[in-house]
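Asks: Protein chains in written order, with our numbering: chain A, 1 to 80; chain B, 1 to 80.
C-beta atoms are modelled at their ideal positions from N, C-alpha and C, and glycine is treated no differently.
Here it is: the structure, laid out below.
Protein chains: 2
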Amino acid sequence: MKARVHISLKTGVHDPQGKAIRNALSGLGFAGLGEVRQGKLIELELDETDPDTAREAVDRMCRGLLANPVIETYHIDLEA
Amino acid sequence: MKARVHISLKTGVHDPQGKAIRNALSGLGFAGLGEVRQGKLIELELDETDPDTAREAVDRMCRGLLANPVIETYHIDLEA
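Structure follows, in structure tokens:
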């Protein structure tokens, strides 16, 4: 089973990387851009085959290591 | 319109960050882990309202700045 974790900064948390990307895109001539935010994408291969157990394990990984729950939110997608 | 760009390293490209995450998770006691790969998630707010034009613009942003097409693949999701 494959898990894909999307980690983004919470709304309101300052995102200098996103701002830098926005400025670079504007400098390249892309207009009509609002806010740009950068997050992380983590793809994990799991031996676990039960979706509920897998989701629970990945959730523990997020809380324990992958995400910082103080400033980040995460979303888990599972693929069989 | 909101665009979400998922950028991952191509298969076969060495991913030391993913390896470090895998080792850290193993160290924390998570078993049954296969490969772990880290990518980027970029969220953009666009003034554009036409999905085709928006997708085309974000595709140009990816090829011009956001992704390195030599070693990375990207996937664009649009949200109205």
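Name, please, each residue of chain B whose Cβ falls closer than 8 Å to the Cβ of Ile21/A.
Replies: Per Cβ cutoff of 8 Å: Ile42, Leu65, Leu66.
Asks: Which one of Gln38/B, Lys2/B, Leu65/B, Gly64/B has the shortest CA to CA distance from Ala3/A?
Replies: It is Gln38/B whose Cα lies nearest to the Cα of Ala3/A.
Asks: Beta carbon of Phe30/B: closer than 7 Å to some heavy atom of the ligand MN?
Replies: This structure lacks the ligand MN, and indeed carries no ligand of any kind.
Asks: If you measure from the beta carbon of Arg37/B to each beta carbon in chain D, is any gap under 8 Å?
Replies: Absence of chain D from the displayed structure is noted, the protein chains being A and B.
Asks: For Asp12/A, which of Leu44/A, Thr73/A, Gly27/A has the nearest alpha-carbon?
Replies: Note on identity: in this sequence residue 12/A is Gly, with Asp being the wrong assignment. That would be Thr73/A, whose Cα lies nearest to the Cα of Gly12/A.
Asks: Which residues of chain B have a Cβ atom closer than 9 Å to the Cβ of Glu72/A, listed in chain order?
Replies: The contacting residues do not exist; Glu72/A stays about 11 Å from chain B at best.
Asks: For Ala24/A, return the contacting residues in chain B, with the cut-off set at a CB-CB distance below 8 Å.
Replies: Result: Leu65.
Asks: Note down the Cα distance separating Ile76/A from Ala24/A, rounded to an integer number of angstroms.
Replies: In a straight line, the C-alpha of Ile76/A is about 30 Å away from that of Ala24/A.
Asks: Among residues of its own chain, excluding the 5 on either side of Gly18/A, which ones have a beta-carbon nearer than 6 Å to its beta-carbon?
Replies: So the list reads Val36, Arg37, Gln38, once near-sequence residues are dropped.
Asks: Determine the closest residue to Met1/B out of Cys62/B, Leu28/B, Arg22/B, Leu44/B, with distance taken between C-alpha atoms.
Replies: Met1/B has its Cα closest to that of Leu44/B, out of Cys62/B, Leu28/B, Arg22/B, Leu44/B.
Asks: Assign Glu48/B to one of three DSSP states: helix, strand, or coil.
Replies: Coil at Glu48/B, not helix or strand.
Asks: Skipping 5 residues on each side, what residues in its chain have a beta carbon closer than 7 Å to that of Arg22/A?
Replies: So the qualifying residues of the chain are Leu33, Val36.
Asks: Along the segment 46-61 of chain A, what residues have a CB closer than 8 Å to any CB found in chain B?
Replies: Of all residues in the segment 46-61 of chain A, Leu46, Asp47, Glu48, Ala57, Arg60, Met61 have a Cβ within less than 8 Å of some Cβ in chain B.
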